[in-house]
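Peer 1: When the letters of the sequence shown are read in order and numbered with the numbering used here, they come out as residues 3 to 248. Where a beta carbon is used, it is the ideal one built from N, C-alpha and C, also for glycine. Got a structure for you, written out below as structure tokens; questions coming shortly.
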Amino acid sequence: MHTPGILVTRPQAQAEGLLRQVERLGWRPLAFPLLSIEPLPGAELDVAGYDWLIFVSRNAVLHGLPRLHSRLPRLAVVGKGTAAELARAGLRVDLQPSTTADSEGLLACPELQRMQGQRVLILRGQGGRALLAEQLRQRGAEVDYAEVYRRRPPDQGREALLALWPQIDLLLTSSTEALENLIALLGDQAQALLVDKDLLVVSPRGLALARQLGLSRVIQAEGAEDAKVLAAIQRWAAEDRGRREE
């Protein structure tokens, strides 16, 4: 019986749990980080006077929380993984989206509709999306950024990825930036190499980017959390098994 190879492209520290679960469910886990995360140096952050702190990712918690000084205001997050990271630090989240785990989902929350006179600090990676701050400013908020980490391209090169290529049945990209790095790494052969592979993305933005690149064998998970990614892989595996049995 064929054992599907699942390429997990998360940063190394965040991939370990998913890789273990992929193996436990009977698939072949393949690790190839398409992003590396580095903390950015900086002084302590005095958050006195802010009404909201918004953490946009688990990395924002891991690299931002140790720098926070003074009593914390209300805490908002984009997704469940970020909320779980705060919970591990003993902190309770005051606001997280009930719809999509992204900036759009957070902006849809009733608590963030009328923001006149509110001060917001967004903890994020270097050069992240501007949508959240732009929309909150339009609603009357004063918004600052604290960029506490940066994302780097993969440490491993194209040849290392191509060595894994024959073993890969499904590629999991955990962000649009990871997908962009994959395309850049494959270079002018990207479309030819990807046409025979299935791709799993975790957001509508990832799906849109894959479509723009002309990729058709794309599956979208309902979110980036391990449980949702694994559920999407299970659906894909059932369909893949059916195709092989035809």
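Less than 9 Å between the C-beta atoms of I124 and V95, yes or no?
Peer 2: Not in contact: I124 and V95 (Cβ atoms no closer than 9 Å).
Peer 1: Based on Cα-Cα distance, which residue from T11, L93 and T84 lies nearest to P99?
Peer 2: For the residues T11, L93 and T84, the minimum Cα distance to P99 belongs to T84.
Peer 1: With the cut-off set at 9 Å, would you say H71 and L42 are in Cβ contact?
Peer 2: No, they are not a contact pair.
Peer 1: Label V122 either buried or exposed according to how many other C-beta atoms from any shown protein chain fall within 10 Å of its C-beta, with 16 as the threshold for buried.
Peer 2: The residue is buried, with at least 16 neighbouring Cβ atoms inside 10 Å.
Peer 1: Indicate whether V58 and S105 have their beta-carbon atoms separated by less than 9 Å.
Peer 2: Cβ atoms of V58 and S105: closer than 9 Å.
Peer 1: Looking at the structure shown, is W54 part of a helix, part of a strand, or coil, going by DSSP?
Peer 2: W54 falls in the strand class under three-state DSSP.
Peer 1: Helix, strand or coil for G19 per DSSP?
Peer 2: Residue state, collapsed to three classes: helix.
Peer 1: Below 6 Å CB to CB, which residues in the same chain sit around E161 once its five sequence neighbours on both sides are set aside?
Peer 2: Contacts found: none.
Peer 1: With DSSP collapsed to three states, give me the class of P68.
Peer 2: If DSSP states are grouped into helix, strand and coil, P68 belongs with the helices.
Peer 1: Would you kindly work out how many angstroms separate the C-alpha atoms of T178 and L108, rounded to a whole number?
Peer 2: So the alpha carbons of these two residues sit roughly 19 Å apart.
Peer 1: Would you call the segment 154-169 and the segment 135-142 touching, i.e. three or more CB-CB distances under 8 Å?
Peer 2: These segments do not touch.
Peer 1: Assign D171 to one of two classes, buried (16 or more other C-beta atoms within 10 Å of its C-beta) or exposed (fewer than that).
Peer 2: That one is buried.
Peer 1: Assuming contact is defined by CB atoms lying nearer than 9 Å, are T11 and L188 in contact in what I supplied?
Peer 2: No, the pair does not count as a contact, with Cβ atoms beyond the cut-off.
Peer 1: For A234 and D53, I'd like the C-alpha separation in whole angstroms.
Peer 2: Using only the alpha carbons, I get a separation of about 37 Å.
Peer 1: What residue from L74, L215 and E25 has the CA that sits closest to D48's CA?
Peer 2: Of the candidates L74, L215 and E25, the one whose C-alpha sits nearest the C-alpha of D48 is L74.
Peer 1: Under 8 Å, with one C-beta from each stretch per pair, do the segment 194-206 and the segment 22-38 reach the 3-pair mark?
Peer 2: Judged by Cβ distances under 8 Å, the segment 194-206 makes no contact with the segment 22-38, as fewer than three pairs qualify.
Peer 1: How would you label P1, buried or exposed, when you count the other beta carbons within 10 angstroms and need 16 or more for buried?
Peer 2: Residue 1 lies beyond the stretch modelled for the chain, which goes from 3 to 248, so this question has no answer here.
Peer 1: State the DSSP-derived secondary structure class of Q222, mapped to helix, strand or coil.
Peer 2: Three-state result, Q222: strand.
Peer 1: If I measure Cβ to Cβ from A148 and keep anything under 8 Å in the same chain, skipping five residues before and after, which residues do I get?
Peer 2: Closer than 8 Å at Cβ, skipping near neighbours: G44, L47, G66, R69, L123, I124, L125 and R126.
Peer 1: Thinking C-alpha only, which one of P156, Q128 and W167 is nearest V150?
Peer 2: Looking at the Cα atoms, Q128 is the closest of the given residues.
Peer 1: Alpha carbon to alpha carbon, how far is L211 from E227?
Peer 2: In a straight line, the C-alpha of L211 is about 20 Å away from that of E227.
Peer 1: Which of the three DSSP states is assigned to L97 in this structure?
Peer 2: Correct three-state label for L97: strand.
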